[in-house]
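Trainee: The opening position of the sequence shown corresponds to residue 1018 in our numbering, with each subsequent residue numbered one higher.
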Amino acid sequence: MVGKVYQVLELVGTSTESIEEAINSAIAEGAKSYSKLDWYEVVETRGFIEGNKSKYYQVHLKIGCQAH
């Protein structure tokens, strides 16, 4: 039996609402160019501050998609 082989795509998603929305933003963008996205790994999470409040979230992802 042959195992699966994955290509790993790295993207950074952002959102003013939530970390989850930032993740979904990156996944949606990756899906525009790559088919069969299977998994993701959060590499880094950051936030930006403005006026002593959280302005937006930034999430660095590695996304696995099946190689052709």
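Using N, Cα and C, we set each Cβ at its ideal position, and we do this for glycine too.
Out of Ile1040, Ala1048, Val1019, point me to the one whose CA is closest to Gln1075's CA.
Mentor: Ile1040
Trainee: Going straight from the alpha carbon of Lys1049 to that of Glu1034, what length do you get?
Mentor: 22 Å
Trainee: Is the distance from the Cβ of Leu1028 to the Cβ of Val1059 below 8 Å?
Mentor: no
Trainee: Can you grab the Cα-Cα spacing for the pair Ile1044 / Val1022, in whole Å?
Mentor: 19 Å
Trainee: Buried or exposed: Gly1068, going by 16 or more other Cβ atoms within 10 Å of its Cβ?
Mentor: Only exposed fits Gly1068, as fewer than 16 other CB atoms lie within 10 angstroms of its CB.
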